[in-house]
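One structure is given here, and the rest of the page talks about it.
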Amino acid sequence: MKNLKSLRDKRIALIKEGNEIFEGADVETRSLEDEEVAKLTELRSQIEDIDSTIAAEKEFRASAVNAEEDVETRGEQEMSEIETRALDSWLRGNVEEYRDLTTSMTAGNQVENTAGNGGITIPTSVFNQIIEKLGQQAPVFALSQQYPSLTGRLKIARETSASDDEGFIGEGVAAPVISSTLRSVILDQKRVAAAFQLTKELINDAGFNVVDYAVDRVARAVARTITRNILVGSKAGEDESFRPVIGAEGVQVNNLDAVVTVENLIDMYSALHQAYQNGAVWVMAKSVFNQIAKLKDGDGRYLIFQNIVDGVPEYKLFGATVYIDDVMEDAADGQKVIFGNFNVGYATLVKQGMDLTHVTADTQQAMSGGHLVVLDAMLDGAVKNPDGFIVGKVASN
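For the sequence shown, counting from 1, position 110 maps to 109 in numbering that gives the first Met the number 0; every step adds exactly one.
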């Protein structure tokens with residue numbers, strides 16, 4: 000069987016041979032002879048056969064690739080279904096069924112010789128569901144630059160200053176040195192945990208999707224912790240947290256009036272480097288949003304533009320999306336507004352693999368007839384480019 004290259008080479012040779020027949024007749028200023036016409040007809044037939052063969056081979060190869068992709072997709076879907084069924088069995092306490100379904104998850108007792116207090120590493124498909132849910136519940140996490148990690152430790156560059164000397168230069172003039180200063184930021188694993196209660200009634204209900212319920216519950220709980228840590232930092236009693244935007248070294252702080260004005264907001268927007276404005280968002284406390292929602296421009300139109308996206312209100316200010324978050328009320332020193340590009344300015348680490356512990360044998364669960372499920376996730380976050388943020392500090396009354 001000839002390959003495509005040899006067929007194309009043969010086609011080119013046939014076309015060249017036909018062109019030579021025409022050129023010979025043109026040079027001699029005569030019409031084509033019967034033998035030449037017959038030869039051209041034969042050449043055209045061979046070219047048509049080659050074109051048909053090439054088209055058929057291309058179609059076959061495309062079909063083979065699509066078939067292979069379909070098989071791979073079906074394989075991934077089947078594995079996802081098996082992993083989800085296995086996790087469902089484990090949450091319902093059907094350990095034998097869980098073991099029969101998969102060997103991709105590990106199971107064992109986290110407390111030695113304590114029955115029913117085992118833990119598992121959740122499967123990849125459910126891990127991806129949780130990460131997707133986290134992005135929906137915690138927009139600033141979804142907007143940040145995410146770095147997956149197997150070891151739970153990563154060093155990335157942190158840009159602390161940049162020169163604006165780049166540009167066109169004349170001939171014979173030395174190019175300016177770009178005076179960027181790079182330091183490293185180390186993202187290390189920090190434990191973020193969430194727990195939820197399962198009742199025996201829920202577990203025994205065959206029609207209840209316990210996996211979806213578990214994913215939703217833990218994602219909502221972890222999302223609130225992540226959002227608070229990214230924006231304002233840890234709360235009282237937490238030992239470790241992300242390094243938040245509020246209070247980060249190098250992040251510019253703009254002073255706002257006690258009653259925020261249009262000029263305050265214009266100053267904040269203009270203070271962010273124009274290269275970072277595309278993709279930037281506002282994050283503010285509810286109390287500040289309530290003030291800004293009443294502001295109007297010189298034509299009497301409200302600054303805050305509201306739209307409905309998928310049935311959910313979406314707010315815009317100067318074309319940038321506005322997120323309202325109660326954790327900003329707890330920000331230190333009145334720093335209740337952030338305008339920034341999280342993808343440029345903030346990095347998050349997500350360690351691959353999350354662990355679930357299913358507690359059924361302790362006294363509390365035995366008395367209540369319930370099941371406690373605890374999720375452990377390892378994440379971290381830090382500002383990687385302080386120029387990507389402007390923080391607004393509201394003056395006290």
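Where is the CB? At the ideal position from N, CA and C, for every residue including glycine.
Of all C-beta pairs linking the segment 372-379 to the segment 321-329, fewer than three are shorter than 8 Å, placing the two stretches out of contact.
The segment 177-244 contains, as complete alpha helix (DSSP H) runs of 4+ residues, the segments 199-203 and 209-230 (chain order).
Around residue 270, the same chain offers 251, 253 and 389 as residues with beta carbons nearer than 7 Å, after the five sequence neighbours per side are excluded. One thing to note: residue 129 has its Cβ within 9 Å of the Cβ of residue 217.
Collapsing the DSSP output to three states places residue 121 in coil. Residue 47 and residue 14 have their C-alpha atoms spaced approximately 11 Å apart. Counted as a single uninterrupted DSSP element, the stretch harbouring residue 147 is not any alpha helix (DSSP H) but the beta strand (DSSP E) occupying residues 144-148. Residue 288: member of the alpha helix (DSSP H) spanning 285-291, first to last residue.
9 Å or more divides the Cβ of residue 141 from the Cβ of residue 153.
Ranking 209, 193 and 131 by CA distance to the CA of residue 200 puts 209 first. Selection 45, 29, 24 and 37 evaluated against residue 6 yields 45 as nearest (Cα-Cα). Partner residues in the beta bridge of residue 377, as assigned by DSSP, are 190. Using a Cβ distance threshold of 9 Å, residue 184 and residue 229 do not count as a contacting pair.
Here residue 356 carries a strand assignment [DSSP, helix/strand/coil]. If you check the CB distance, residue 136 and residue 223 come in under 9 Å. For residue 251, the enclosing beta strand (DSSP E) stretches over residues 251-255.
Of 349, 391 and 371, the smallest CA-CA separation from residue 148 is found for 349.
As computed with DSSP, residue 89 is found in no beta bridge at all. DSSP lists no bridge partner for residue 20. Each of 126, 265 and 314 was checked against the Cα of residue 282, and the nearest Cα belongs to 314.
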